[in-house]
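A.B. asks:
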Amino acid sequence: MRQHGVFPNKHTLPLLLRANNENPHLIFPQIFKFVYISDQFVQNSLVSSFASSGYVHLARQVFDDITHKDVLSYTALIDGYARNALPIRALKLFLEMRRAQVKVDEVVLVAALSPAGTLRCVWFGKYLHGFYVKPGRVSRDVYIGSVLVDMYAKCGF
């Protein structure tokens, strides 16, 4: 693409990050070069890519630099913490998200329920289940159902 004089934009860079998930450092300089580091779509993709690659500390640095964090920003890092065996940080970040009054959706709920099960923290899982799923604040789907079964099973229920 670059050899033909085509420049990446804020939509191609996140796709490149996802395609090269093992080493986001290869794409990172291009993001700076083309001044997309302040674009929230690119920042969220960077958080997700760094976290998925095991560079959770870099994911947190990018997350901290996001001016207007949304549910995607939080979900990327919560999921990254959960996947990198940092369940306590995942749950703390979920609580931080709630304090920031960011709306909870199904995806972030799945990301938060998983570490609750890992920690065998049934009270937190029951809180999420009772506050978001039962009253219909989030849609019940196969992912929510599966993570609830997993969380309760890990907690011995």
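Residue 61 in full-length UniProt numbering sits at position 61 of the sequence shown, with consecutive numbering throughout.
Backbone N, C-alpha and C define an ideal beta-carbon position, used for all residues, glycine too.
Report the residue ranges of all alpha helix (DSSP H) runs contained in full by the segment 75–103; include only those spanning at least 4 residues, in chain order.
C.D. replies: 87–99
A.B. asks: Taking all protein chains shown into account, do 16 or more other C-beta atoms lie within 10 angstroms of the C-beta of H4, making it buried, or fewer, making it exposed?
C.D. replies: exposed
A.B. asks: Could you give the C-beta distance for G125 and Y143, rounded to a whole number, given that I count them as a contact under 8 Å?
C.D. replies: Wrong, their Cβ atoms sit about 15 Å apart, outside the cutoff.
A.B. asks: What's the C-alpha gap between A51 and D141?
C.D. replies: 25 Å
A.B. asks: In this structure, how does DSSP classify F50 when only helix, strand and coil are distinguished?
C.D. replies: helix
A.B. asks: Pop quiz: Q40 and H68 are said to be a contact at Cβ under 8 Å. What is the actual Cβ separation, rounded to whole angstroms?
C.D. replies: 7 Å
A.B. asks: Please classify F157 as buried or exposed, where buried requires at least 16 neighbouring CB atoms within 10 angstroms.
C.D. replies: exposed
A.B. asks: In angstroms, rounded to a whole number, what distance separates the CA positions of V133 and M97?
C.D. replies: 18 Å
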